[in-house]
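Residue numbers (my numbering), protein chains in the order written: chain B, 4 to 344; chain E, 4 to 344.
Protein chains: 2
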Amino acid sequence: MASSIHDLARHLNISIGTVSRALNGRADVNADTRQRVLEAARTLNYSPNQSGRSLRQGATHSIAFMLQPHPGDQQYGEPFFIPFLIGLQARLAESGLDLTVVMGAPGDYQQERLRRVVETRRADAVLLAWTRREDERIDYLTQAGFPFATLGRSRSGAKSYPSLDLDFEKAGADAVDRLVARGHRRIAAVRPSLDLNFGYLFLAGYRKALKRHGIEIDPELIASGFINEAGGYEVTPQVMRSKAPPTAIIFNNDAMALGGCKALAEMGIRPGHDMAVTVIVDTPLCRYFSPALTAFRPALEPMGQRLAEMLLASLPAFAGPEGPRIMREVWPLELVARDSD
Amino acid sequence: MASSIHDLARHLNISIGTVSRALNGRADVNADTRQRVLEAARTLNYSPNQSGRSLRQGATHSIAFMLQPHPGDQQYGEPFFIPFLIGLQARLAESGLDLTVVMGAPGDYQQERLRRVVETRRADAVLLAWTRREDERIDYLTQAGFPFATLGRSRSGAKSYPSLDLDFEKAGADAVDRLVARGHRRIAAVRPSLDLNFGYLFLAGYRKALKRHGIEIDPELIASGFINEAGGYEVTPQVMRSKAPPTAIIFNNDAMALGGCKALAEMGIRPGHDMAVTVIVDTPLCRYFSPALTAFRPALEPMGQRLAEMLLASLPAFAGPEGPRIMREVWPLELVARDSD
DNA sequence: CGTTTTTCCGTAAACGTTTACGAGAACACA
DNA sequence: TGTGTTCTCGTAAACGTTTACGGAAAAACG
Numbered sequence: 004m005a006s007s008i009h010d011l012a013r014h015l016n017i018s019i020g021t022v023s024r025a026l027n028g029r030a031d032v033n034a035d036t037r038q039r040v041l042e043a044a045r046t047l048n049y050s051p052n053q054s055g056r057s058l059r060q061g062a063t064h065s066i067a068f069m070l071q072p073h074p075g076d077q078q079y080g081e082p083f084f085i086p087f088l089i090g091l092q093a094r095l096a097e098s099g100l101d102l103t104v105v106m107g108a109p110g111d112y113q114q115e116r117l118r119r120v121v122e123t124r125r126a127d128a129v130l131l132a133w134t135r136r137e138d139e140r141i142d143y144l145t146q147a148g149f150p151f152a153t154l155g156r157s158r159s160g161a162k163s164y165p166s167l168d169l170d171f172e173k174a175g176a177d178a179v180d181r182l183v184a185r186g187h188r189r190i191a192a193v194r195p196s197l198d199l200n201f202g203y204l205f206l207a208g209y210r211k212a213l214k215r216h217g218i219e220i221d222p223e224l225i226a227s228g229f230i231n232e233a234g235g236y237e238v239t240p241q242v243m244r245s246k247a248p249p250t251a252i253i254f255n256n257d258a259m260a261l262g263g264c265k266a267l268a269e270m271g272i273r274p275g276h277d278m279a280v281t282v283i284v285d286t287p288l289c290r291y292f293s294p295a296l297t298a299f300r301p302a303l304e305p306m307g308q309r310l311a312e313m314l315l316a317s318l319p320a321f322a323g324p325e326g327p328r329i330m331r332e333v334w335p336l337e338l339v340a341r342d343s344d
Numbered sequence: 004m005a006s007s008i009h010d011l012a013r014h015l016n017i018s019i020g021t022v023s024r025a026l027n028g029r030a031d032v033n034a035d036t037r038q039r040v041l042e043a044a045r046t047l048n049y050s051p052n053q054s055g056r057s058l059r060q061g062a063t064h065s066i067a068f069m070l071q072p073h074p075g076d077q078q079y080g081e082p083f084f085i086p087f088l089i090g091l092q093a094r095l096a097e098s099g100l101d102l103t104v105v106m107g108a109p110g111d112y113q114q115e116r117l118r119r120v121v122e123t124r125r126a127d128a129v130l131l132a133w134t135r136r137e138d139e140r141i142d143y144l145t146q147a148g149f150p151f152a153t154l155g156r157s158r159s160g161a162k163s164y165p166s167l168d169l170d171f172e173k174a175g176a177d178a179v180d181r182l183v184a185r186g187h188r189r190i191a192a193v194r195p196s197l198d199l200n201f202g203y204l205f206l207a208g209y210r211k212a213l214k215r216h217g218i219e220i221d222p223e224l225i226a227s228g229f230i231n232e233a234g235g236y237e238v239t240p241q242v243m244r245s246k247a248p249p250t251a252i253i254f255n256n257d258a259m260a261l262g263g264c265k266a267l268a269e270m271g272i273r274p275g276h277d278m279a280v281t282v283i284v285d286t287p288l289c290r291y292f293s294p295a296l297t298a299f300r301p302a303l304e305p306m307g308q309r310l311a312e313m314l315l316a317s318l319p320a321f322a323g324p325e326g327p328r329i330m331r332e333v334w335p336l337e338l339v340a341r342d343s344d
């Protein structure tokens with residue numbers, strides 16, 4: 004069934020060494036022989052056994068993306084990562100690498116699963132998402148000397164790895180600027196309660212912008228909750244009950260915004276009329292919600308391509324002539340003005 | 004860094020054969036020795052090299068899911084598959100199998116990528132989605148003798164593989180029943196133009212139900228278009244221009260429904276008021292759209308678990324004492340009544 | 001024609017496992 | 001004590017590659 008390099012050798016009456024060299028495009032093989040080998044490979048439908056290659060080379064030729072579904076009650080999942088993965092895989096495929104998506108159960112922080120990938124050497128490098136402020140995964144990987152890159156920043160790991168993040172700080176500030184320009188002074192912020200780094204960045208931008216506009220920061224207008232619809236639903240009434248309720252709310256997450264809007268609706272408050280609502284990370288849900296939610300949109304597919312690029316550049320086997328470099332990039336989020344503010 | 008079985012053997016002064024047997028829980032090893040081996044494995048932080056195992060055993064201990072993003076313009080992706088994948092991976096993990104998600108570029112039908120997975124033996128089995136009526140992937144896999152299972156049915160491959168599908172036929176019929184019960188007689192159906200099998204099933208159910216109600220089938224009310232928002236947007240006006248326009252439309256796909264509603268809006272037609280709109284496969288988009296779309300909902304996560312189960316049962320290495328069986332299941336879609344009909 | 005260089009290829013080891021086989025020791029049994 | 005059985009372990013081959021090494025043949029050179 005599956006033909007091996009031995010089959011080719013036997014068929015051509017040459018040694019397996021020569022076959023291998025011919026297939027791998029080494030110089031020390033006659034042009035004629037190479038031709039014959041390639042042809043035989045085609046007719047015998049040969050393709051190299053991955054396990055064999057991996058074992059010999061100590062490389063699996065695949066990159067693992069640790070996909071962690073949100074904890075929460077959502078019946079459907081993250082549409083967020085799909086375009087990112089498309090970009091990722093497109094670039095990796097160019098370099099002959101496979102993309103392995105390692106799924107974890109929702110909620111668990113996949114430290115164990117990561118260990119498994121690393122220790123059983125199932126991938127040549129891993130990609131992390133949902134980076135936390137202090138991220139044990141990053142500590143583990145740096146300590147283990149395993150190559151990786153992250154979607155999102157972190158304070159862990161001495162920044163000795165490539166990372167690509169969105170500029171949540173600027174988005175937070177931009178959101179405030181826009182709302183202030185439209186006459187709002189009491190602006191609330193709702194973010195996830197987890198240690199997720201983008202929550203901090205967002206809040207920093209929010210604070211900075213308010214300060215710049217000379218608006219005092221009211222702790223009552225800042226809330227954090229579980230990063231899903233239920234969390235938004237639960238926490239939004241909190242800010243509404245403050246002594247001086249907000250006229251605008253910025254949500255750090257689409258699901259939380261949806262839950263928040265539900266809570267607002269139950270209080271008889273209509274987003275876009277009685278309350279300005281802005282979302283930091285745009286998803287299709289924001290677009291189709293009614294009213295359509297003003298949101299900040301990431302360029303997911305290009306980000307995937309770019310992060311793959313950066314990861315490759317950090318791998319000795321793929322680094323160009325200039326050698327490995329550590330890169331860190333922060334990409335902008337683009338405002339998509341809709342009807343909710 | 005990475006300790007091998009040889010390290011353990013040297014450390015304990017025994018042979019690698021014994022170490023391996025101890026680790027793998029074979030009977031012919033002294034309880035004492037086994038204890039010492041396991042302990043040493045722990046302290047030396049040993050875990051087996053996957054490539055080595057795979058090479059020797061001829062099994063990779065991983066299952067590949069061929070994820071194909073929709074062709075189309077959507078900036079975000081399929082939320083559909085994530086919960087399915089969660090269920091899948093949960094069950095596979097129970098049996099010590101990894102889930103490899105193989106991404107393709109949107110649009111290409113991944114025949115090539117599938118070949119690569121099979122020929123380089125990167126997985127022990129593959130899972131297919133978006134099955135077509137005549138599916139060359141299924142033909143290829145059966146002909147190659149490679150184990151697989153499908154999410155969705157097909158006419159290809161002599162049904163010699165496990166498959167799990169949704170009952171689109173019944174959902175189509177149920178949708179018609181419901182609309183007829185609410186007084187509609189002119190009911191349109193919009194489905195994807197591709198050869199996707201569920202499109203046929205849906206239409207069959209639609210036809211059957213209409214016939215049952217004694218309603219003549221009007222070809223002008225049946226349209227098919229590209230399976231995305233643009234497709235729905237383009238094709239909906241078609242059915243509206245028919246001599247006797249419909250009072251209800253059933254969309255086979257959420258994206259097409261969204262596009263269709265946009266077209267309707269531009270014609271001044273309001274779903275839920277001037278037009279009943281039903282969607283066969285529910286997604287979060289249906290829930291948050293305004294008006295919220297009545298839709299038929301799949302139980303994605305359990306489906307993932309179940310299909311994993313079925314696939315495992317068909318693999319000799321995992322089949323229970325009763326031996327391998329080929330299973331085919333069809334799961335119901337549950338009506339979620341909302342505001343659009 | 002002798003010497004050196006180049007071209008091409010075969011040999012064999014190695015990667016880290018698993019496992020068939022056999023052998024020694026201990027034990028049971030008559 | 002002799003024979004058979006059971007327990008436990010070591011040996012070595014095998015999985016499919018890649019690659020360092022060396023050598024024969026061909027080519028180049030004087």
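Built from N, CA and C at the ideal position, the CB exists for glycine as well. This one's a predicted model, so the numbers in the text were calculated from it and none came from an experiment.
Buried versus exposed call for residue i [16 or more other C-beta atoms within 10 Å across all chains shown]
i	result
HIS9/B	exposed
PRO72/B	buried
ILE329/E	exposed
GLU172/E	buried
SER343/E	buried
SER166/B	buried
Contacts that residue i makes with chain B (C-beta to C-beta distance below 8 Å)
i	result
SER245/E	Those do not exist, as SER245/E stays about 27 Å from chain B at its closest Cβ, beyond 8 Å.
SER50/E	ARG119, GLU122, THR123
PRO195/E	The premise fails here: PRO195/E is roughly 18 Å from chain B at the closest Cβ pair, so nothing lies under 8 Å.
Neighbourhood of residue i by C-beta, 8 Å cutoff - its chain only, sequence neighbours within 5 removed
i	result
MET278/E	PRO249, THR250, ALA251, ILE252, LEU267, ILE272
Contacts of residue i in chain B (Cβ-Cβ under 7 Å)
i	result
MET106/E	LEU88, ILE89, GLN92, LEU102
LEU58/E	SER54, GLY55, LEU58
Local conformation of residue i per DSSP, three classes
i	result
ILE141/B	helix
ILE253/E	strand
SER57/E	helix
ALA5/B	coil
PHE84/B	helix
VAL333/B	strand
PHE201/E	helix
ILE89/B	helix
ASP285/E	coil
Neighbouring residues, chain B, relative to residue i (Cβ below 9 Å)
i	result
ASP63/E	Checking the sequence, you will find Thr at residue 63/E rather than Asp. By Cβ distance, chain B contributes GLN53, SER54.
PRO319/E	Within 9 Å Cβ-Cβ: nothing; PRO319/E doesn't reach chain B, min ~15 Å.
Below-8 Å beta-carbon distance, residue i vs any chain B residue
i	result
ASP342/E	no
PHE254/E	no
SER293/E	yes
LEU336/E	no
PRO274/E	no
PRO287/E	yes
ARG13/E	no
Partners in chain E for residue i, counting only beta-carbon separations shorter than 8 Å
i	result
ALA5/B	GLU122, ARG124
PRO109/B	ILE89
Contacts around residue i, its chain only, beta-carbon distance under 6 Å, and the 5 residues preceding and following it disregarded
i	result
HIS216/E	VAL183
THR281/E	ALA178, ILE253, THR297, ASP344
VAL104/B	PHE68, LEU70
PHE201/E	PHE171
ALA43/B	LEU11, HIS14, LEU15
Beta carbon proximity, residue i to chain E, threshold 8 Å
i	result
PRO222/B	no
PRO150/B	no
LEU261/B	yes
LEU131/B	no
LEU315/B	no
PRO305/B	no
PRO240/B	no
Residue i: contacting residues in chain E (beta-carbon distance under 7 Å)
i	result
LEU182/B	The premise fails here: LEU182/B is roughly 23 Å from chain E at the closest Cβ pair, so nothing lies under 7 Å.
Same chain, Cβ closer than 7 Å to residue i, neighbours up to 5 away in sequence not counted
i	result
LYS400/E	Residue 400/E is absent from the model: chain E starts at 4 and stops at 344.
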